[in-house]
Each structure stands twice: as C-alpha cells, then as structure tokens.
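**Q** First, the structure itself, so that you have it in front of you.
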Amino acid sequence: MINKTSVEYDGVIKVCRELFLKKSTDYGTAWRILRISSITDQIFIKAQRIRTLEEKKVSKVGEDITSEYIGIVNYCVIAMMQIDLQGDERTELPVEEVEMHFDKKVHETKELMFAKNHDYGEAWRDMRISSLTDLILMKILRVKQIEDNLGQTLASEGVRANYQDMLNYSVFALIKLDLHKGA
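Numbering (this note's numbering), first residue to last: 1 to 183.
Below you can see the structure in the form of structure tokens.
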C-alpha cells in the first residue's frame, strides 16, 4: 500500500508542480511580496470555497474543488518557501531556484506523510473528502492563532508542520478525486 500511496502522491504533485512552474514562468515570483499571514488567508479562502462547493454542490465561477485543492498545495509550498527565504529581499527568483525549493519542500512533506501513515495506518483512505476539508480549515485556524500570537506557542508544532499537514490533506483529497490518474 505504501508504494501505491507514493505513486499516487507523486502523480498529484506532478500536476501541482507543473502548474506552479508554468505560473512562475508567466508571473515570475510575485508571491514573494506576500507575508506569511497573507498566504494563510489565501489558503483559508480556497478551503472555505471548497467547503461551500461541497455543501451547495454548484459553482458559479467555474473552478472546481480539484483546482482549489491544487491551489492549497501550491500555497502551502509557497508558505514554506517564504519561511525559508525570510531575510532574502529578492522579489524575483529564477525558475530553476523556485523549482529546487519546490521539490525540497515537497520531499520534506512527503517524508512526514510516510512517517504519519506508518503510525496511523493510512486512515485517510477511509475518510470523506469533506473531512479532509474540515481538517484543513482547522489547521488554518491554528496557524492564524499562532500568527496572531506572533509565533509564540506552548505546545504547538508550529506553522511549518501545519502547512505540511494541509499540503498532505490536500494531496489525499486529490488522490481520492483521482487527479493522480491524469498525471
């Protein structure tokens, strides 16, 4: 099962990565201007939209749940890159450097997923996609609270781990939506 998960995970990430790099080519790294809290709010907007679409079953904008989960994956990677690049004042990064950072963040996050899957026995496979959405929203609220507390925590794992969890929940949802089959 672990090998199947790895293949499915890689298929989802391939789709997300291709879109991210195309947008990086089109727009450059305009996202470098965003504060971490703004990225958190972008993830919140996407997760809230998914929840609304799950409940109302109708989209008036045309973008579906799949594209919103892809956006969450990519914004989580952006957030982790921004954390690592704090102090780096460059607003434009070469696409090759962005690609390297993207791959590093995804690799670290996939390793975390395998560690958790070992302990939890891939329980996500029996979850509803709507529950994954709710978990993402809960993680966003946690991150917002940590940000509002200026990063000070007593027992929390911190914002990076929450971004990693949100990325992984989004990948799980995309696997359940069969995105990996289109890779």
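Here a beta-carbon is modelled for each residue, glycine too, at the ideal position from N, C-alpha and C.
Computed from a prediction, not measured in an experiment: that's the story for all the values here.
Which same chain residues end up closer than 6 Å to residue 184 when comparing Cβ atoms and leaving out the 5 residues on each side of it in sequence?
**A** Residue 184 is absent from the structure shown; the chain starts at 1 and stops at 183.
**Q** Less than 7 Å separating the beta-carbons of residue 76 and residue 166?
**A** For the purposes of this step, residue 76 is taken as residue 76 along the sequence shown, with counting starting at 1. For the purposes of this step, residue 166 is taken as residue 166 along the sequence shown, with counting starting at 1. Yes, they are a contact pair.
**Q** Can you tell me the Cβ-Cβ gap for residue 130 and residue 63, rounded? I've got them flagged as a contact below 8 Å.
**A** What you label residue 130 is simply residue 130 of the sequence shown in a count that begins at 1. What you label residue 63 is simply residue 63 of the sequence shown in a count that begins at 1. Between residue 63 and residue 130 the Cβ distance is about 18 Å, and since that is not below 8 Å, they are no contact.
**Q** To the nearest angstrom, how far is it from the Cα of residue 78 to the Cα of residue 12?
**A** What you label residue 78 is simply residue 78 of the sequence shown in a count that begins at 1. What you label residue 12 is simply residue 12 of the sequence shown in a count that begins at 1. Straight-line Cα distance between these residues: approximately 17 Å.
**Q** For residue 169 versus residue 132, is the C-beta spacing smaller than 7 Å?
**A** As a first step, residue 169 must be located in the sequence shown, where it is residue number 169. As a first step, residue 132 must be located in the sequence shown, where it is residue number 132. It is a contact, given that the beta carbons lie within the stated cut-off.
**Q** Could you check the C-alpha separation between residue 126 and residue 90 for me, to the nearest Å?
**A** What you label residue 126 is simply residue 126 of the sequence shown in a count that begins at 1. What you label residue 90 is simply residue 90 of the sequence shown in a count that begins at 1. Using only the alpha carbons, I get a separation of about 43 Å.
**Q** Report the CB separation of residue 69 from residue 174 in whole angstroms; it is logged as a contact under 8 Å.
**A** Sequence index remark: in the sequence shown, residue 69 carries index 69 (1-based). Sequence index remark: in the sequence shown, residue 174 carries index 174 (1-based). Going by Cβ atoms, the distance from residue 69 to residue 174 rounds to 5 Å, so yes, they are a contact pair.
**Q** Within this structure, are the beta carbons of residue 136 and residue 47 separated by less than 7 Å?
**A** Reading the sequence shown from its first residue, position 136 is the one you call residue 136. Reading the sequence shown from its first residue, position 47 is the one you call residue 47. Yes.
**Q** Please list the segments of the alpha helix (DSSP H) lying wholly inside the segment 119-174, counting only runs of 4 or more residues, in order along the chain.
**A** DSSP runs (the alpha helix (DSSP H)) wholly in the segment 119-174: 129-148.
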